[in-house]
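Mind the numbering: the sequence shown is residues 224 to 1058 in our numbering, read in order.
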Amino acid sequence: MTHQAFPAALVSFLNLSARSVARHMTVSLVLIQARHRGETMLAASGGDSIDPAIAQRACASDLDFAIQDPVAVMEGNAHYACARLALKGPRGDDFGSVCLFDVMPRHLDATGTAHLQDLADAIAMHLDLYESAESLRLERDYYRMAVELSPQISWAASPAGLTTEMSPRWLALMGMSREEHLGMGWGNALHPAEREEVLHRWWGAVGSGDPFNVDYRLRLADGSYRWFHGYAAPQRDDDGQIVLWFGTDEDIHDRKIAEMALQESERRLRFALDVGRLGDWEIDITTHRLTSSDRTAANFGLSPTELTYEKMLATIHIDDRERRRANFDRAVETGQTYEIEYRIIWPDQSLHWIKATGRAMMDEDGKPLKMVGLSVDNTKERVSETARKAAEARMVHLAHHDALTGVANRRLFNDELTKALRSASVDQGVVVFCIDLDNFKGVNDVLGHEAGDIVLRQTAERLTQAVGTGGLVARYGGDEFAVLLSGVTSDADVEALAMHLSQVIGEPRILGDRTILVQGSIGIANAPRDGLTANELQRNADTALYRAKTTGRGSYRFFEQEMDRQLQQRQALTLSLQTALERHEFRVVYQPIVSLATNSASSFEALLRWHHPVRGDIAPSEFIPIAEEMGWIAAIGKWVLEEACRAASSWPAPVSVSVNLSAAQFDLGNVLGDVAGALALYGLSAARLDLEVTETVLLQETVAHIETLRSLSDLGVKLVLDDFGTGYSSLGYLRRSPFSKIKIDKSLIRDLPDQHEGDVIVRALLGLGRSLGIAVVAEGVETTDQLDFLRLEGCAEVQGYLASAAVPADEVRALIDRSWFAGTIEQSLSGSVAT
């Protein structure tokens, strides 16, 4: 009657013990009920033939051995309970009981009972020894498993510090044999950078008897290194002498790498704070104890040892203290960001500005513990704030106004016209006057551009006075002006104003010792009758202007539907333009861009020309808008791009070619694909291709346009912002887009040097380029005075007739080999306009 949880040796012992007791006590049956680790088994002198259930009943703890009745019938015989003794171990452990039975009623005398007790004690002693041995084995196995599963690697060393034992896991990790490890062989696994220091500290610990506690790297079997933390302590005898060193190596690699990364991050943060002049600080809300960096102290004009919370408060300007205190307390109470700028007085009595920001740190209950933040000495920025605001105001003004005359530019005019048309009605009309000075070209030709500019400024002043506050005057460019009126109730009022405008424009002008007459033609369109959109209304006013100019100078005309001659001409031009590319009527010419540093051509701008078979040469300003409107600009632009790359591929490096991109190409074509294809087709390096775009591309502010510009920059080409300073300019474009150059429009260069506003604007634009690290090119340079001014102000490159007009591709090589501006400049300005 065995139990499978009992070891076989123990079962055999119990069965043998039962038979031995039966023999010594001369009874018919002995049952031993034994317990081992929570399990119970029965051993009988009669072997396994006894029914387990009967044996269990016979050995029940509640059996009264005093009753002389048969307990059970086993093996065909009636058995009577004879005696029962508990199996008690030396420490009182209950190991079960031994029960005696006989075939007749029987009582044991004192001698028999004592003898049975000796036998029971012997059995219990054996069970106790077996139990102890089993416990010792389990503890040994547990310790072995704990060592093998522990992340720490155990080892031992002699009192002299020589390794005597090392866990198998250490040997497996390091790929070393036991013999290689013993003694000081383990030192060979140390990283060379730490070996000397680690061994020095180990021998120091061995000599002093102090614990060994060091981080170091160990070389693994695959040759890599990992960080471990080594710890060892001595075991001493009763006399305090070291008999053995016990140690462990704990794998801390991941934690160590994280700590090192954190330290590096903190170092970089500290570096960034120092570079940015940012001081970090921490104020205990309860004690007002200030903890801060050296930079914080420097921002307050104090040394790190001098700066306390009280001294910091004492430096604050008396007029700013209450405002700073209220701001600080509010941030503590609400948990909102603390952000303020205030004045402080340094020990040398100099005034400084501090800009501070911070946030209160709360405990788990929401109670503020401390305020943590940053501060910076903002004095330089404050000192220049007035100048900066003035410059920004000037730039904003330039973005919406004509630089020469001060009236609105086309952009502002279009915005205001669009707003006015939203409320236009039959009773409250919106009127656009398009005005063109009739003989302005003659003024420029005879009296020069300076006189022409005076006429333009006078015209703007006269129109502004005539229109008054009820309208808006704008200069479109050149000699074109526009007037916007809203809330118009009758054509009679419009005609009366048209007559007045024509009169004030035509009044004589005195320029020096000359009196000149300049008249203006006026075209008028009225919304909603003549159009409902800004483009439609301006186009119809322009159509009426064309009819007025054909009627006679100084006249005005209202738009009429039958005014179609100009439209017919435009349609005819459109039809011719549709097939101009197929008929090879286009050609590309190249105008040099000269570096003032080398006096040589650094690049050539590719300019498109169209020779109409009937009309002859047609200006790009006439056919490019048609190509954009009809959607043909993508194909034409691609052809120009390929022609330019083909020509540039034959030029010596690093001379580059500059190609203009229309804003419509970004919407209608695949600019990125066309550029990449042209470069690949002719093997031209992307670094030798400049792409010029106007601010029109950026004004549309589409994500696709910005992404295309960035992709072009990533391709390696250089981006150039063309016509900069013509009224649309914005510093935001330069910050958001990857431009390498900006080109100052020729309208700003034309009058240099004039010692007035023109000089200031150009000088500001050149300074802006230097500040942003962007090269600046000046267009339309025609005189040596202009060149000298630009060179003195640090302009990088110039372009214009002073250098050369645009030339065919086969004449470019001669210009590349030429040196400009080295001595006295005598350039012929012959040739056609090429910009």
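C-beta atoms are modelled at their ideal positions from N, C-alpha and C, and glycine is treated no differently. Fair warning: this is a prediction, and the values are worked out from it, not measured in the lab.
Asked, Found
"Can you name, in chain order, every residue of its own chain whose Cβ lies under 6 angstroms from the Cβ of V894, other than the five neighbours on each side?", "Q888 and T931"
"Can you tell me the Cα-Cα spacing of K964 and T738, whole angstroms?", "43 angstroms"
"Rounded to the nearest angstrom, how far is the Cβ of D317 from that of R258, given a contact under 8 angstroms?", "7 angstroms"
"Relative to the alpha-carbon of V711, which residue among L740, D460, V655 and N758 has its alpha-carbon at the smallest distance?", "V655"
"Using alpha carbons as the reference points, say which of D945, D937 and M397 lies closest to T919.", "D945"
"For the alpha helix (DSSP H) containing T519, list its first residue and its last residue.", "D517 to N522"
"At what residue ranges does the segment 742-768 contain a whole run of the alpha helix (DSSP H), taking only runs of 4 or more?", "none"
"Using the rule of at least 16 other Cβ atoms within 10 Å of the residue's Cβ for burial, across every protein chain shown, is S447 buried or exposed?", "exposed"
"Within a Cβ cutoff of 7 angstroms, which residues of the same chain sit near V437, ignoring the five residues on either side of it in sequence?", "V421, R424 and G453"
"Which first and last residues belong to the alpha helix (DSSP H) in which E718 is found?", "D714 to G729"
"State buried or exposed for D552, treating a residue as buried only when at least 16 other CB atoms are found within 10 Å of its CB.", "exposed"
"In angstroms with no decimal places, state the Cα-to-Cα distance between L884 and G892.", "11 angstroms"
"Do you know offhand how far L394's Cα is from A899's?", "60 angstroms"
"With a 10 Å radius around its C-beta and 16 neighbouring C-beta atoms as the bar for buried, classify V326 as buried or exposed.", "exposed"
"Measuring only the C-alpha atoms, how far is L975 from A987?", "14 angstroms"
"So, do the segment 796-814 and the segment 757-772 have three or more beta carbon pairs nearer to each other than 8 angstroms?", "no"
"Using a Cβ-Cβ cut-off of 6 angstroms (strictly less than) and excluding sequence neighbours within five positions of F1044, which residues of its own chain qualify?", "N822"
"Does S431 come out as helix, strand or coil in the three-state DSSP assignment?", "helix"
"Report the start-end ranges of each alpha helix (DSSP H) in the segment 653-682 that is 4 residues or longer and not cut off at the edges.", "663-670"
"Please state the DSSP three-state secondary structure of C1018.", "coil"
"Assign L644 to one of two classes, buried (16 or more other C-beta atoms within 10 Å of its C-beta) or exposed (fewer than that).", "buried"
"In this structure, does DSSP put D974 in helix, strand or coil?", "coil"
"Below 8 angstroms between beta carbons: does that hold for R838 and F809?", "no"
"Could you give the distance in angstroms between the alpha-carbon of G854 and the alpha-carbon of F636?", "26 angstroms"
"Check the C-beta distance from P1059 over to D517 and give it rounded, since I have them as a contact under 8 angstroms.", "Residue 1059 lies beyond the residue range present for the chain, which begins at 224 and ends at 1058; the question has no answer from this structure."
"Exposed or buried, what is M483 when buried is set at 16 or more other beta-carbons lying within 10 Å of its beta-carbon?", "exposed"
"In or out: L755 buried (at least 16 other Cβ within 10 Å) or exposed?", "exposed"
"Kindly indicate which three-state DSSP category H349 falls into: helix, strand or coil?", "helix"
"Between which two residues does the alpha helix (DSSP H) carrying M248 extend?", "A231 to M248"
"Output yes or no for whether 8 angstroms exceeds the beta carbon distance between E915 and S881.", "yes"
"Taking the C-alpha atoms as reference points, what is the distance between V595 and R582?", "6 angstroms"
"Look at the alpha carbon of L1010 and the alpha carbon of E564, and state the distance between them as a whole number of angstroms.", "46 angstroms"
"Helix, strand or coil, according to DSSP, for M327 in the structure here?", "coil"
"Let me know if A241 comes out buried or exposed under the rule of 16 or more other beta-carbons within 10 Å of its beta-carbon.", "buried"
"Helix, strand or coil: which one does DSSP assign to E828?", "strand"
"Quick check: the segment 711-721 against the segment 667-683, are at least 3 beta-carbon pairs closer than 8 angstroms?", "no"
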